Every structure is written in C-alpha cells, then in structure tokens.
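Number of protein chains: 4
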Amino acid sequence: MMGADFHFRDKVQVGILGATGSVGQKLVQMLARHPWFMINALAASERSVGKKYKDCVHWLMPTLLPQELAEMEVSACQPGLPCRVVFSGLDSSVAGEIETQFAEAGYIVISNSRNHRMDPDVPLLIPEVNLSHLELIQFQQFPKGKIITNPNCSVIGLAMALKPLFDRFGLEAVHAVTMQAISGAGYPGVASLDIQDNIIPFIQSEEEKVETELLKILGKFQDGKIDPCSFKISAQCNRVPVSDGHTACVSVKLKSKATEQDLIEAWDAFSGAPEIVKLPTAPEKPLYYFHENYYPQPKLHRLIDKGMAVSIGRLRKCPLFDFKFTLLSHNTVRGAAGGAILNAEILLRQGQIFW
Amino acid sequence: MMGADFHFRDKVQVGILGATGSVGQKLVQMLARHPWFMINALAASERSVGKKYKDCVHWLMPTLLPQELAEMEVSACQPGLPCRVVFSGLDSSVAGEIETQFAEAGYIVISNSRNHRMDPDVPLLIPEVNLSHLELIQFQQFPKGKIITNPNCSVIGLAMALKPLFDRFGLEAVHAVTMQAISGAGYPGVASLDIQDNIIPFIQSEEEKVETELLKILGKFQDGKIDPCSFKISAQCNRVPVSDGHTACVSVKLKSKATEQDLIEAWDAFSGAPEIVKLPTAPEKPLYYFHENYYPQPKLHRLIDKGMAVSIGRLRKCPLFDFKFTLLSHNTVRGAAGGAILNAEILLRQGQIFW
Amino acid sequence: MMGADFHFRDKVQVGILGATGSVGQKLVQMLARHPWFMINALAASERSVGKKYKDCVHWLMPTLLPQELAEMEVSACQPGLPCRVVFSGLDSSVAGEIETQFAEAGYIVISNSRNHRMDPDVPLLIPEVNLSHLELIQFQQFPKGKIITNPNCSVIGLAMALKPLFDRFGLEAVHAVTMQAISGAGYPGVASLDIQDNIIPFIQSEEEKVETELLKILGKFQDGKIDPCSFKISAQCNRVPVSDGHTACVSVKLKSKATEQDLIEAWDAFSGAPEIVKLPTAPEKPLYYFHENYYPQPKLHRLIDKGMAVSIGRLRKCPLFDFKFTLLSHNTVRGAAGGAILNAEILLRQGQIFW
Amino acid sequence: MMGADFHFRDKVQVGILGATGSVGQKLVQMLARHPWFMINALAASERSVGKKYKDCVHWLMPTLLPQELAEMEVSACQPGLPCRVVFSGLDSSVAGEIETQFAEAGYIVISNSRNHRMDPDVPLLIPEVNLSHLELIQFQQFPKGKIITNPNCSVIGLAMALKPLFDRFGLEAVHAVTMQAISGAGYPGVASLDIQDNIIPFIQSEEEKVETELLKILGKFQDGKIDPCSFKISAQCNRVPVSDGHTACVSVKLKSKATEQDLIEAWDAFSGAPEIVKLPTAPEKPLYYFHENYYPQPKLHRLIDKGMAVSIGRLRKCPLFDFKFTLLSHNTVRGAAGGAILNAEILLRQGQIFW
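In order, the protein sequence lines correspond to chains G, P, H and B.
Residue numbers for the first sequence follow my numbering, beginning at 224 and rising by one.
Residue numbers for the second sequence follow my numbering, beginning at 224 and rising by one.
Residue numbers for the third sequence follow my numbering, beginning at 224 and rising by one.
Residue numbers for the fourth sequence follow my numbering, beginning at 224 and rising by one.
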C-alpha cells in the first residue's frame, strides 16, 4: 500500500459506458476534472456511435460540458476502448452482458447497474461500510478483468446510516419508507405530467432491491464469500417531485439496548478506514447528524461534503420499534456516479487497478 | 328522524369563524351553493372587522368569490352573529376560547380546530366511522349550544381506511409515514423557498395528533363516554411539494388472520349508515381501492367523489407487519372543510340542529 | 334554426380519434357526460387496437374513467366507426391524412390538430370570434364530410382577447410572450428533469403558429374565402412548470385612440352570438377582466366558467406600444378539447351535423 | 494601482447588515471563504441582537453554515462595527437611513438595496459595464465613507446583455418580459400556496426599477455626474415557480443596422477591463451566447462561471423590433450578493477602500 503522500505519475485512462444517459453524464461531469482519472472513451448505444458527444447527448448537468469531451467521438460499448477502467452507467436491459464482455476482455468494470450486484463473487461495495468485500474480486473467474458494483440509490443512505448501528447494537428489523427524487429514474424518466404536484407510490423493483441489497452489503466476508445478514426489512418506495436527493423515514429494532445518545455517538464516530478518508471523492465525514428537528432536507443537505455524505436527523423513540429517524442521500452522486468513482479510487489506491 | 324525502322549507343560516383563513375560505367556497345552508355571517380577526370580505381575504380558491359574499361585511368572532350554526376554521391559538363562548351562547359549533377534539364530551366525528359518538353531545354542559369536531387532516384518511379493518380483524399496531400537502399548513403557511424542490421531515405536533386522535375516533361510546382503543401507533409526518392531498404509507398488524382479498373486501363493503350516504356532501363510496400498482396519486384521486372519498392502493404483505398499503385523502376537503360540513349535515338530518 | 327550447331526441354518436393521447383523454372526460353527444367509438394507433380502452390508456385525468368507456374496445383510426362525428386529437404526424380520409368517407371531423388549420376551405373556428367562417365548409370538396378546426392552445387566448379590440379600435401590432403549461406538450411530453424548477425558452413551431393562425382567425370571410388581416405579430413562447393554463404578456398598438377604460369596456361587452351563449360548453362570459393587479393567475383562474373563459388583467399604458396586459386561458379545455366540443355544438345547433 | 501580482497582507474585515435575510445569508455564504475579505460582524434587527447567528437565522443555503460564523454574536445595525466595509442586504424599509449613517461614520457601504441607487452621487455599478461611474464617489459628501450600489436583480442581466449592443449599434427601444425566481422575493417571501403550479403576473415596483435603473447604468459619466441615456423601455415582470435565475424575453430596436452575427460577435467580444477579469468573483466571461435553440435555461445555466455570467440565446429577427432574444442571470448571485462582492473587490483593487 502506498503512503499518504500518494501521487500518480500519469492519470489513469478511463472509459464511460452509457455515457449519454443520466448516470453517464454525471460520471462525465465528475470525472472531467478528476485528479487521478482521465476520460479517454465515451461509449453509448448504436445510434450515437461515430457522432460527437455533444451532438448525441441531451446534456442535463448544471455545468458546461468541457470542450474536449464535447468534441470526443462516441464509441460502441464493446471491448477495444483505449482505457483500463470502464465506468458503467448502462441501462440494466443491456448492462449485464456488456459488463461481462468488458471484464472478460480484461477491463476493470466499475458498475452502477443492478445486473451483477447480487453475483456471489461481485462486491456490492461501499468503501466506508464493507471494504473487506473487495476481497471477493480475487475469486472472480475473469482472466484479468474485474467487476465491482455500488448499491442502488435508494439503498446507499440506509446502508451507511445503519452500518454503525448494526456493528454496535445489532439490527433485528428495519422499516423504511422512501421519498425518491426524479433524477433517480434517468432521462427522460418520469414525465412531468406524472410527477408535478404529485406523488407516485410505486417504483418498479425498488422495494425488492432495498430488501435484498442491504443484507448483502452488511453481510460478512468469510471463506471467500459473503454471508448475508438476516434481519428483516420492509420498504415502501415513492417518487416525489424533488430534483435530487432521496429521503427515507426509517424505524429500527435493535438487538441490544441503546439510548438516543448512543445512536448519535455511533453515527458521529463512524468513519471509513484511514486510506478511504483521503480519497479525492470521499466525504470528510460520511454521516452528519442534525439536531434541528426540521432537518435533513434534500434542498439544503444533498450537496454537503461534495454530495458524498449522508444526512440524518429526527432521531426519536418509536412506539412500535426502538427508534425512528429520517435520512437523506444524494442519489446521483453518493447513490450512483460518486459512489462508483469512490469505488474506483479505493481500487486504485490499493494498487488493484494495476494487477 | 326525517324520511328519505327530506326537505327544508328554508336554508339554515350559518356563520363562518376565521373566514379569511384557508380553511375558512374552503368553507365559504363549499357552503356558497349548499342546498341546506346559507352563509349569513363571515367573522374574522379584528383587523378585518367592518371591511368587505373581498377587501380582507387573500382569496386562494380556484373559483370566483360569489358576489354577495364578496360584498358581505366581516364581523368579529363574538356571539351575536345572525345564525344558529357556526363553522370554525379558527387558528388553534384562539379557537378554544372563542368556540366555547359560542357554545355557551347557544350556537352549534362545528369546529375544524384541534382545541376541543380531545375533550371527553366532544365528539371527534367522522359520520361513516363513529356516528354513535354523536351521543356525547347530550353530556355537554352548555345550556343550548354544542361543539362537534372533525379530525386533523392527517388522521382522517387513516381513520377511514382502518375502520373496516379494525371492525373485522382487530388492530394491534399501525405504522404510518405521511407525505402531506402544503395546503395543510394554511396561508401563508409554508414559504416557497422552504418547500419547492424539497421535503420538510417535520410538522409541529402532527405525529402526536395522529397517535392520539385515532384512538379516540375508533374508540367505543358507552356509559356516556368514549373508551379509546389501545393499539399502538407510530407516525412520521413529512411536508412535500404537493398542493392538495395527503398520502400515507401504512403498515398494519391485525389481531386475526386475514388475506389481502379479505382486506379489499372489507374496504369495498365499507359504507356509512344509510342516512349518511344521502347527505349532500357525503361521498357515494367512502373508500376506493385501486388495483393498479402505481395508484393512488394525489393529482389524480384527491378530488374523486367530490374530494370526500379516501383512495387506497398497493396492498401487499409486509415482512415486518401483516400488511402494508398506501392511502390518500384530500386534506382541505375531507380533512377539513368538507368533513366539517358533513358533520353539520348529519346533525341537521338527525334533527339536532333544532334542539 | 332551432328555438331556445332546443332538444334532441337522441344523443349524437361520436368517435374520438387519438383517444389515448392527452387531448383524446380530455375529450373522453368532457364528452363522457355530455348532454348532446355520446361516445360510441374510441380509436387509436395500431398497438392499442383491439384492447380495452382502460388497458391501453395511461389515464391522466383527475376524475375516474367511466366504467363503460373503460371497457370499450379500441378501434383503428379508419372510416367505418359507428358514428357521424369524429373528434380528432391525433398527433400532427398522422392527423392530416387520417382526417381527410374521414371527411371523404362522410364524417364531420372536428379537429384539434394543426394540419388542416390553414387550408383555405377549412374554418379555424372560435364560435364567439369568427362564426361567419363556418360558411367555408360549403366550399369543401368532400361529398358529405366536413373538417372544422380549432386554433392552437397558445393562440386561443390571444384571439379572444384581441377580437373586441380589433373590432373597435383596429390593431397595428401585437407583441406576445407566452408562458405555457406542460400539458400543452401532450404525454409523455416534457420530461420532469427538463422542466422542474426550470423554464424552456423554446417550443417547436409555436411562435410561427401564433404569427399565422391569428391573422386567419381575425380575417374576414368574403367571396367564399378568408381574407386574413395584416397587422404585425411577434411571439416568444416559453414552457414553464405549470400544469395547466397558458399565460401571455401582450403589448398592442391600436389603429385608433382609446383609453384603458375603453378597452375594459370592449372586453366586458364582448359576447358570442345569442345561439352560442346557450351551448352546453360555452362560457357564460367569454372574457373576464380582473382589476386586481396580481391577477390573472393560472392556478386560480384557469377553470373559471368551466375552463372556457379567458381571463385578462394588468391593463396599463406601454411606453413602446399603446397598451400592455396579461391574459390566461386553459390550454387543454378552451385551447383544445373544450374548443373542439364547442365547435361541434354550434354545428349541431345550426343543424349542420344533419346535412 | 497595484500590479497583477496583487496580494494583501491581511484580509479586509467586513460586516454584513441584514445578515439574517436571504441576501444577507448569500453574502455570508459567499464571503465565508473569500480570499480578500473576512467577516468580522453580523448585524441584524433588534430581535436578533445579542443572539448567536445560528440561533436567529433560518439558514437557507445549500452548504453548512461555517462553525465560527454560526457562533458569532449578532450586532445591531449601527456604526461601531469592527470593520471598514459593510455589505448591506437590508430591507428597503430601513436600508436608506442605516446606510447613510454608516457612510457618515466613515464606512464603505456596499449596498444591494434600492434606496440609494438613484442618488445622483451614488454609482449604480456593474464593473464590466460602467466602471467609470465609480468616479462618482469622489463627489459624495461623507467625510470618509462611501456608498456604492448594485442594480436590482431583474436589471442586471439586461444591463450586461445590452451594454455591447448599446456601444456598437445604439439602442432605440427595449421591450422585456421577465420570468423571475422566487428567491428574488426574499424570505419568507412568496407563499408556496401562491406560486406552486402558478405564475404571478406582478411584482411590486419591479417594472419601474427596470425602466429607470437601466438608463442610469448605461448613462455616461461626465462633469461629475451621470447623464442617463434616453431609449424607451417597457417591462413586464412575472414571478414563476423557479428557485433561482431570472429569465427575460427581450426585443430590441437598434439605432444602426446590424446582422444577427454582428450581435453575437458583440456579445462574444464583451469583457470587463483587464483588472476586473482577475477579481476573485469576476466571471471568466461575462456573457455566454448559446446556439442551441432551447437554451438558456435557469436550471442548467444559472450557475455557470460561479453564477456571475449572463447567458443569452435564441437571437432571431423580430417582426416588430429588430431582434429578439432570451437571457438569464442568477438573481441572488450576479443580481445581488455576488454583484455586491464584485463591486467591493474592484474598489479594493483600485485602492479605494484604503482612502
């Protein structure tokens, strides 16, 4: 492992699969000035191949598309891209197969898609939460390539907020009702006629993802595999007219007794391993607990700590469970592009990108 | 009791307390063409007294203010109003005392405020749910007047959807997360800078109201008082950028076994007493169950059946409780002005307004 | 012509072309309980043909889909439908040809599409504004059928508000900046990611429609054709995050001198011909002038007079033109489905549907 | 004047008047990490004096309030504050007198309020547009203090976009319709019930400000005073449901002939004086012209170049004027706090803060 004064001679060349989609765009935006990575390939579906990126992307980011990327020619999503690492923001209808092809061709695949998340040898990685799961990639069968995934945007906040409670007090049951931002549905995604002044009380497959991914993420790596944990989860997922930031109302039943102060201390003390904290995209503090009773709020807190921290508030006793609280995480940053980039950073930092 | 061919020679003259507020305005709008009631007095706080209604109201309703009401002079909120019934949309900071004064002066007070809701001799009335509670008014100590209240806007949908489950299967526990419309906060209420593209995870005293009012509403009237029921409730209340219509994600634990089909049948079969169904403001059907998994939605369903019905959907098994589902009710109609008017209608229909 | 005690023995059977689209749905909603028309056919594109209407429509209206229409089998958009009149809410990519086929097959085509609007023998009809244009249909070359169109949703409010000014004072120039609702773009139409908390300063072909349709509408019928008027128009069209209701900021230069009071009187005096006022869908008053300086507002005024009236306010002198003012009209009611239905009503009332 | 390698030994201590208001908060946010200024005093109205800033501010910024400012005790808005420069975000009901007091007491007052904007000896300053107006402060009668103002948020974009056209082609007439963000109204400002899904076609005094401030800003400094220019302006101002960013649809009549290309070149070539470009808060490029016809959009472009640039698009011929186009500027950054800070920076850069 490298020291704190870690520097690279040259940036690592990366490609983005699904570069015109909304996760792809966020990856482009966040990687455009990344200190360690340099975008060397933008790949998308057939109808974009051969065009300049600016001519086939409906750019939705609130920053100008950098000139050199605007002019870059879009490639097909096939191995042969001039890079070592590919970030995948592909739609799940095609992600599974394409990502496998890239891994087989020797690429490190940093995926935000759901297809390989539950594969037994693929880490569903949140560096601050389950860094040990990264060991799984040694068991992957690709000659040189690897696949690493990050969780669904509705799961990331829960996983990070629950991790310190799970470690200190044990979890028996988790009940979560989410209020999810429209950007979570991609582009064009939710029609304005459907969501303006409205709530949609259903998101396809979302509740299932919460109820399964969380158990893997908090599971234990041993004997070359993940032993998922076994507490019960019930999720209800809603789409709300908020641009970015997923909010969740959470109730938890713990295994051991704890006070409200104990929980807040657990959250305040929570931090990733020392090598994580210094990563370019890592938050200074992964969890922020707010004592004001009207916090957290998506408009105010989704972007704190570069959009990579999870905000928590309103902890109080629950008449049915032990405690209830509210949490918030940025779905396209921490819950998608930023999470993927952080995963790539820890890989690079651990020297695994150079295998 | 009068027959089905029930007609009044003259309309009953009514007054509205707090007529310039948002509940007051909704009362004005709904009573302006009511077949049984005629607005004869508009009362508001000191700074409006003596002015024409149109000159002191910031009219927020999507219909034109009727000419005769626009020109009506606003009175003070003191007994002496030329009517027999007063509807109160007063702010809770003043409602308690003023409503008592009116009741003591012999008025029938139909209140939407929270102040007297938990008084032991005051019905917290939803005609389809607990009509028997109306007996309580015989025990009120006013010489002639009476006070009848309707529940908080976040409680009404829960009470109506849970009533048939409570009756058929018994309730052990109820967990509710609400997503409440901005109109529930009155005017000016929520600042646009606070709620546009945002969620506020806190509404003052709202969770307490859900957790207490529900037990009284579903309680049993006997021996001249209400015996509240005793299941456990946990509520988490959020403000969302929706104009009208409170949505709730509900989980329930029942006392006896039931299937999803049993619950849907219970909801479908639910109806008020026959004399309620024919009231001018009563819904044809109090509960609508939708089988489409993306329903109910505030924008589509808040106004069905004149805004007086509760919509339910997404019933499914819950890994932690027995079942979970989503419900929706119109907060300023069924949850405020419409609920109050329905209460007045049943009183009139039962002949109690002429005591 | 029939007398004021006009009644039909039987309702006229009508069909709706493009019944699953957003204009089609509004037509279904408004015709479902129409006193003169009965929906006898719902037609849509190939992928819906043969299915029940409820199974192929993404119902967006805030009222329940009537049961008998929900179960109706969807037909193809081809002559042979069991009705005499067809309302067309077809997309302009296919409307031109299909509408012509229906007219040739003998149907009365009441179209909301743009394709035939500028045809020399097709009335671009607003009954209160240019009823004489209806004479044009005598010159249509179809053996029995006819085509009548109503204007674009961004034009209707302008045409109605300008008509009395044009008649009394003459128009030299009109400058209009519109702020148009999302429902004007159909479904799925505008993506929520594009319009939430945003303005899009461009709507394809919209400015051209304003600048051409208005001149035909206010033109004079003589010698079997419309002589368009010739004042200058400049339009700037924007999409804004409003559900329904197009607002326009208008500046006008008149031919003759007039005071603000003169204009208001012209608007107040404006009315359609007597036989129009009594039509089921006609507004009691086509134009409402508001003296409050913060009116009109889409949320408050789009639905006045069944959504069929145009609201005007803020009339004041303009340093560059003579006057400026703001107007509002409901784009899917007066500007689409309601306008079409009113056109069909006047045809029926004039006995022309039975030719 | 100092050289390009300009550095200060110590940061200049500044105070903020009206620090709890929405402009005040934006000033706090932007000055919290300013390279040249250090906040040394936070002043607000009586009810906040003596409290910690965090306890009397309803913090609306999407970044955390820095700890040292959160704990700072709020002072009264009276001379005696430990600083040399005060930024004023005071409400106009009190700003006039308080700002005069501070100037008389020797402070440099950088004001965002409207009260002194039209004073003959007070610069209404936009550094890129009218830097020469700064000479006016030599004629101010305060012993040591000075007052400098920046324009209203609805004027700033117009002034910047029109400046190069005015200089190159001359202006005869300007017609502007604005669509203004809710943040322009301060806090609590616009009630959500008034603006959600709505447009308010009126903003108190706003049209007058556009029609007067613009003429002073583009006026010529000579003989110790500003000679305002004399073209005609007509403004129509609307409030729309957008969080930040004022959009305007503009039509212009020029004095000399020009092509669309000429205008775009004028905008592209526009830049402030060299000493302005290097100021910490100055945009790299004051004006961005977009060739995409659906740009500019508030959600995408309000924050480009730190929120300090003006975006322009949709230039085309106008049937009534010569040209029409759309512009966008960030109302609380370029149009308020950022504009004020840039004014302070140029003062400091020119050595005038040390007079």
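Built from N, CA and C at the ideal position, the CB exists for glycine as well.
Since the model is a prediction, treat every value here as computed from it, not as a measurement.
Check for me: the alpha helix (DSSP H) holding residue i runs from which residue to which?
| i | result |
| --- | --- |
| G:M284 | Per DSSP, G:M284 belongs to no alpha helix (DSSP H) and is neither H nor E. |
| H:L486 | 483-492 |
| P:V433 | 429-440 |
| P:D189 | What is shown of chain P runs 224 to 578, which leaves residue 189 of chain P out entirely. |
| G:V317 | 315-327 |
Short of 6 Å in beta carbon distance, which residues of its chain neighbour residue i, apart from the five on each side in sequence? Order them along the chain.
| i | result |
| --- | --- |
| B:A255 | P289 |
| G:K455 | A396 |
| H:F444 | S355, H356, E358 |
| G:Y511 | A532, S534 |
| P:R337 | S315 |
| H:D233 | none |
| B:G247 | I239, G241, G312 |
Can you pull the DSSP bridge partners for residue i?
| i | result |
| --- | --- |
| P:E351 | Looking at the DSSP assignment, P:E351 forms no beta bridge with any residue, so it has no partner. |
| P:F310 | P:I239, P:I333 |
| B:H398 | B:S457, B:S474 |
| B:S271 | DSSP output for B:S271 lists no bridge partner at all. |
| B:R462 | B:Q403, B:I423 |
| P:A414 | B:A414 |
| H:E294 | Paired residue(s): none; H:E294 is not in a bridge. |
| H:F548 | H:V473 |
Considering residue i, what are the terminal residues of the beta strand (DSSP E) in which it resides?
| i | result |
| --- | --- |
| B:Q252 | No beta strand (DSSP E) holds B:Q252; the alpha helix (DSSP H) holding it covers 245-254. |
| P:N263 | 260-267 |
| H:D278 | That residue, H:D278, is in no beta strand (DSSP E); its alpha helix (DSSP H) goes 276-279. |
| G:I535 | 533-540 |
Below 7 Å CB to CB, which residues in the same chain sit around residue i once its five sequence neighbours on both sides are set aside?
| i | result |
| --- | --- |
| G:G558 | C376, I379, H469, S552 |
| B:D344 | L359, F362, Q363 |
| P:G226 | For P:G226, the predicted structure reports a pLDDT of 39, less than 50, and the residue's modelled location is therefore unreliable. A value from the coordinates is still provided. Nothing listed; no residue qualifies. |
| H:M253 | A560, G561, I564 |
| H:I426 | Q403, C460, R462 |
| G:L571 | V235, W259 |
Which residues in the same chain have their Cβ closer than 8 Å to the Cβ of residue i, if we skip the five residues on either side of it in sequence?
| i | result |
| --- | --- |
| G:D228 | Low local confidence applies: a pLDDT of 41 at G:D228 is under 50, so the model's placement there is unreliable, and no value is given. |
| G:C581 | Nothing about residue 581 of chain G can be reported from this structure: the residues present for chain G run from 224 to 578 only. |
| B:K274 | E296, V297 |
| H:G368 | F325, A326, E327, A328, G329, Y330, I331, V332 |
| H:D491 | L510, Y512 |
The region 474-488 of chain H / the region 418-431 of chain P touching (three or more Cβ pairs under 8 Å): Contact fails: fewer than three Cβ-Cβ distances are below 8 Å.
The region 436-455 of chain G contacting the region 352-362 of chain G, beta-carbon criterion three pairs below 8 Å: Below 8 Å, enough C-beta pairs join the region 436-455 of chain G and the region 352-362 of chain G to call them touching: three or more.
Contact set between the region 397-420 of chain P and chain B, restricted to residues whose Cβ is under 9 Å from the partner: Correct list: I405, S406, A408, G409, Y410, P411, G412, V413, A414, S415, L416, D417, I418, Q419, D420.
Segment contact flag, the region 443-450 of chain G with the region 539-547 of chain P, C-beta cutoff 8 Å, min 3 pairs: Result no; under three Cβ-Cβ pairs closer than 8 Å.
Near-chain H residues of the region 280-314 of chain P - C-beta to any C-beta below 9 Å: The region 280-314 of chain P vs chain H, Cβ under 9 Å: W282, L283, M284, P285, T286, L287.
Meets three-Cβ-pair contact criterion under 8 Å: the region 559-577 of chain H and the region 236-247 of chain B: Result no; under three Cβ-Cβ pairs closer than 8 Å.
The region 334-349 of chain G / the region 472-486 of chain G touching (three or more Cβ pairs under 8 Å): With the cut-off at 8 Å, the region 334-349 of chain G and the region 472-486 of chain G do not touch.
Where the region 343-370 of chain P meets chain B: residues whose CB sits under 9 Å from a CB there: Of all residues in the region 343-370 of chain P, none comes within less than 9 Å of chain B when Cβ atoms are compared.
Inter-stretch contact at 8 Å, needing at least 3 Cβ pairs: the region 320-330 of chain G / the region 286-305 of chain G: By the Cβ test, the region 320-330 of chain G is in contact with the region 286-305 of chain G, since at least three Cβ pairs between them sit closer than 8 Å.
Members of the region 376-395 of chain H that neighbour chain B once the beta carbon cut-off is set at 9 Å: Here the close residues number zero.
Segment contact flag, the region 407-421 of chain G with the region 503-518 of chain G, C-beta cutoff 8 Å, min 3 pairs: With a cut-off of 8 Å, the region 503-518 of chain G and the region 407-421 of chain G do not count as touching, because too few Cβ pairs lie within range.
Chain P contacts from the region 519-531 of chain H (Cβ-Cβ distance under 7 Å): Those would be K522, L523, L526, I527, in chain order.
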